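Heads up, the sequence shown is in this note's numbering, so the first residue is 5 and it goes up one at a time.
Below is one structure, written out as structure tokens, with a few remarks after it.
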Amino acid sequence: PFITLAVHDAMTGAKATGQDGAAVLEQLSDAVKQAAMSIEVFHKASLVHDDIEDSDDFRYGEPAMHKQYGTATAINVGDYLVGMGYRLVSRNRKELGGDAVADILDCLADAHQRLSEGQGAELIWRDSEDKSLSPIDALKVYALKTSPAFEVAFYSGLRLAGDAEPYRETVRTFSRHLGVAFQILNDLKDWQEGAENKGSAGGDVLEGRPTLLFAFALESLNEDQRAELLDLVRPEHDWPAARRLQRVRELYTEAGVFEKANLMVEKYEIRAEEIAEGIQPDALRDVMFYLIETVLQ
5 PFITLAVHDA
15 MTGAKATGQD
25 GAAVLEQLSD
35 AVKQAAMSIE
45 VFHKASLVHD
55 DIEDSDDFRY
65 GEPAMHKQYG
75 TATAINVGDY
85 LVGMGYRLVS
95 RNRKELGGDA
105 VADILDCLAD
115 AHQRLSEGQG
125 AELIWRDSED
135 KSLSPIDALK
145 VYALKTSPAF
155 EVAFYSGLRL
165 AGDAEPYRET
175 VRTFSRHLGV
185 AFQILNDLKD
195 WQEGAENKGS
205 AGGDVLEGRP
215 TLLFAFALES
225 LNEDQRAELL
235 DLVRPEHDWP
245 AARRLQRVRE
255 LYTEAGVFEK
265 ANLMVEKYEI
275 RAEEIAEGIQ
285 PDALRDVMFY
295 LIETVLQ
């Protein structure tokens, strides 16, 4: 919602960042606010469903919804939120205009499908016996799973303010760079103790997620080490989780995957900055640079 409202403000005079910002925000219509809130509603719906599909126990340091209330209730809550997200936009067609509502809903539906494609690709890999993974394949999953959420937030703000078509491809490319960099950072954070979402480090390995770190390791390790890594990620491996994670960390360190991942974050950050540098108006460029700094640093 912040991205949507910030972009909308940037395209309508950038008044909300001035001395009278609070008053400007008070004057925003409910229709604009609800369109922005739909982004968060969809995001939370995807998290509820993803936690079930990934068998995650925690979200934001708290027990995941399906752990608190059961899988059936959690699925129903996620479905309810999806319907709410679309309704927050569709019911305001009189104020926003039919064409604007149709365009935003189309972008939301497209993002919804691409996010599901990314999650589907991850689940297929998780459930497959073949655990080969190249860095480019991991990055493709990242682009599908993360970038559409940024893109639809940007597009909605632009379309609420007027014609968004001149910015469509630029926003898609910027969102891809920002989203991929964000996901790589998320992978790196997964190896920090007390990971905020999961409550423990290295959860991606134990839960069978296709990460760029894993792909880098397969690419860099020798044949015997690759075989060992592939064996370690098998769910039926008889080592305790802590021992498996320690050995995976050692292999990752030997392969230099953490350094490579950090370099990739820098690469995508630079690409996002290059796009932002050429954007007009200046206020929109400022929003992009603010997001790069906030999301990636």
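The beta-carbon is built from N, C-alpha and C at its ideal position, and this holds for glycine as well.
None of these values were measured; they are calculated from a predicted model.
Under the 10 Å beta carbon count, E169 is surrounded by fewer than 16 other beta carbons and is classified as exposed.
For Y146, the closest of Q229, G25, V261, G124 by C-alpha to C-alpha distance is G124. If only complete runs of 4 or more residues are kept, the stretch 185-262 shows the alpha helix (DSSP H) at 207-210, 216-224, 227-236, 245-259, in order along the chain. Under DSSP, P67 forms a beta bridge with F62. Of the residues assessed, L267 falls on the exposed side of the cut-off, its CB having fewer than 16 other CB atoms within 10 angstroms.
Ranking Q23, E277, I79 by CA distance to the CA of A49 puts I79 first. Nearest to R213 by C-alpha distance, out of T174, S136, Y171, N226, is S136.
The closest CA to that of G74, considering only I56, G65, G87, D167, is found on I56. Exclusion of the five residues before and after A39 leaves T8, L92, V93, N96, L100, I108, S160, L164 as the residues of its chain whose Cβ lies within less than 8 Å of its Cβ.
At least 7 Å separates the beta-carbon of G122 from that of L143.
Three or more beta-carbon pairs drawn from the stretch 269-278 and the stretch 180-194 are found closer than 8 Å, and the two stretches are therefore classed as touching.
In terms of Cβ geometry, V269 and I140 do not form a close pair [threshold 7 Å]. When the five nearest sequence neighbours on each side are left out, the beta carbons in the same chain lying within less than 7 Å of the beta carbon of L288 are those of V11, A14, M15, in order along the chain.
DSSP, read as helix, strand or coil, puts A106 in helix. Counting of Cβ neighbours within 10 angstroms places K264 among the buried residues, the total reaching 16 or more. The three-state reading of DSSP puts P5 in coil, since its state is none of H, G, I, E or B.
Here S136 carries a coil assignment [DSSP, helix/strand/coil]. No beta strand (DSSP E) of 3 residues or more sits fully in the stretch 142-170.
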